[in-house]
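K.L.:
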Amino acid sequence: MIKVNRIVYASFETPDLEGQIDHYTRVMGLTLVDRDADAAYLSTSGDHHTVVLRKGSAARCDALGFQLPPGTDLGDYDRQIRAHGLETSRRRDAQPNISDALLFADDTGTRVEAFVEAEGAGVGFQRAGISPNKLGHVAFNSTDVQKTVKFYCDVLGFKVSDWMGDFFAFLRCGPDHHTINLVQGERNKMHHIAFELRDWTHIRDACDLLAQDRIPLVWGPVRHGIGHNLSTYHRNADDQIIELFCELDRVNEDLEVYEPRRVHQEFPQKGKVWEDIALAANMWGTPPPEGFLD
Ligand SMILES: [Fe+2]
């Protein structure tokens, strides 16, 4: 089975294109690398883009970009995806840096854009703004979380790292504890997008930058139980939740154990179903605000 190797970008429609570009450049510290009549492309550092923004009638995450292992034959991958009964389309030169991609939809309607090769922009890190290391993960509400987890595992090759009860799953496609989160919800939509920062002091500096723009935290700082990352949450110009995190668990894939950390509950720490929801959500105690998971 050909499995996706890593997440590269998230693509958004927005009714407030200029407001979102301002948030991702001036506040988040991404670089606007390319802009045409249709789309704006923003990069954290090495990849050509990490965030794509297009004008739309409503704010939504419409697509995720995943890189496939080097040497993958996109025709073979197309056959593998269609064997699941899915419709696919092959797109040539649809993006400035990706000459060949395979497009199909997940079971919630989010478009998956899979490709093997992509040219980088080589812009490096911004010296202003938050300037994250990378896109870490994207979380979605699903009206049938068990079905969506099955899609990401069976079709894209993800593995479940941990479950919070039976309603919130954390899935990995590489050494990071999670790249896709799926939580049961009233409707299918993105819940939050998360960027990795260097360390705890970077989170502090990011909070100070947000404060200068009078952008309040909606939750955090927290120490999550699941994934054990330190995190804060704020909202962008479209009212979407952005998570900033560091110290996320990393998984030894052969042994299926997490690299040891002082904050773990078990030694070794392994994937499991967390029944203590409060501990899974925040070891430091403060629960999420009401309605946070919707
Ligand atoms: Fe998250």
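For what it's worth, full-length UniProt numbering labels the leading residue of the sequence shown as 1, then goes sequentially. We treat Cβ as the ideally placed atom computed from N, Cα and C, and that holds for glycine. Keep in mind that this is a model prediction, so the values were computed, not measured.
(1) Using C-beta distances below 8 Å, list every residue in its chain close to Thr143, excluding the 5 sequence neighbours before and after it, in chain order.
(2) Go through its chain and collect everything with a Cβ distance to Ile180's Cβ below 7 Å, but skip five positions before and after it.
(3) With a threshold of 7 Å, establish whether the CB of Ala280 neighbours any heavy atom of ligand 1.
(4) Can you give, in chain order, each stretch of the beta strand (DSSP E) that sits fully within the stretch 115-150 and has at least 3 residues?
(5) How about Val218 and Arg198: are their beta carbons less than 8 Å apart?
(6) Going by C-alpha to C-alpha distance, which of Glu247, Val123, Val27 and Ala10 sits closest to Leu135?
(7) Closer than 6 Å between the C-beta and any heavy atom of ligand 1: which residues qualify, listed along the chain?
(8) Using alpha carbons as the reference points, say which of His48, Ala237 and Ala194 lies closest to Ser231.
(9) Kindly identify the DSSP beta-bridge partner or partners of Ser43.
(10) Beta strand (DSSP E) containing Ala156: first to last residue?
(11) So, Arg223 versus Asn282, is the Cβ gap smaller than 8 Å?
(12) Given the structure, does His192 come close to ligand 2, in the sense that its CB is under 7 Å from one of the ligand's heavy atoms?
(13) Can you have a look at Asp176 and say buried or exposed, based on whether 16 or more other CB atoms are within 10 angstroms of its CB?
(14) Within 10 angstroms of its Cβ, does Glu196 collect 16 or more other Cβ (buried), or is it exposed?
(15) Going by the DSSP bridge assignment, what does Val183 pair with across the sheet?
(16) Measure the alpha-carbon distance for Asp249 versus Phe267 and round it to whole angstroms.
(17) I need the boundaries of the beta strand (DSSP E) containing Tyr233, first residue and last residue.
P.N.:
The answer reads as follows:
(1) For the purposes of this step, residue 143 is identified with residue 143 of the sequence shown, where counting begins at 1. Excluding positions up to five away in sequence, the list reads Thr108, Gln184, Gly185, Glu186, Arg187 and Asn188.
(2) Counting from one through the sequence shown, the residue named residue 180 turns up at place 180. Answer for Ile180: His137, Val138, Tyr152, Phe158 and Leu171, listed in chain order.
(3) Sequence index remark: in the sequence shown, residue 280 carries index 280 (1-based). Of the heavy atoms belonging to ligand 1, none sits nearer than 7 Å to the Cβ of Ala280.
(4) List check, beta strand (DSSP E) in window: 134-142.
(5) Along the sequence shown, one-based indexing puts residue 218 at 218. Along the sequence shown, one-based indexing puts residue 198 at 198. Between Val218 and Arg198, the gap from beta carbon to beta carbon reaches 8 Å or more.
(6) If you number the sequence shown from 1, residue 135 lands on position 135. Comparing Cα-Cα distances from Leu135 to each of Glu247, Val123, Val27 and Ala10, the minimum goes to Ala10.
(7) Output, sorted by chain position: His137, Ala139, Asn181, His192, Ala194 and Glu243.
(8) The sequence position of residue 231 within the sequence shown is 231, counting from 1. Closest option to Ser231, Cα to Cα, is Ala194.
(9) Here the question's residue 43 lines up with position 43 in the sequence shown. Per DSSP, Thr31.
(10) To locate residue 156, count along the sequence shown from 1; it is residue 156. Contrary to the premise, residue 156 reads as Leu rather than Ala in this sequence. Counting along the chain, Leu156 falls outside any beta strand (DSSP E), and DSSP gives it neither H nor E.
(11) Counting from 1 along the sequence shown, the entry for residue 223 is found at position 223. Counting from 1 along the sequence shown, the entry for residue 282 is found at position 282. Taking 8 Å as the Cβ cut-off, Arg223 and Asn282 qualify as a contacting pair.
(12) With respect to ligand 2, the structure offers nothing, as its ligand set consists of ligand 1.
(13) Indexing the sequence shown from 1 puts residue 176 at position 176. Label assigned to Asp176: buried.
(14) Numbered from its first residue, the sequence shown carries residue 196 at position 196. That one is buried.
(15) As a working note, residue 183 is residue 183 in the sequence shown. When DSSP reads this structure, Val183 sits in a beta bridge with Asn141 and Phe168.
(16) For the purposes of this step, residue 249 is taken as the residue at position 249 of the sequence shown. For the purposes of this step, residue 267 is taken as the residue at position 267 of the sequence shown. Distance between the alpha carbons of Asp249 and Phe267 is about 13 Å.
(17) Taking the first residue of the sequence shown as position 1, residue 233 is located at position 233. Annotation for Tyr233: the continuous beta strand (DSSP E) segment containing it runs Leu230 to Arg235.
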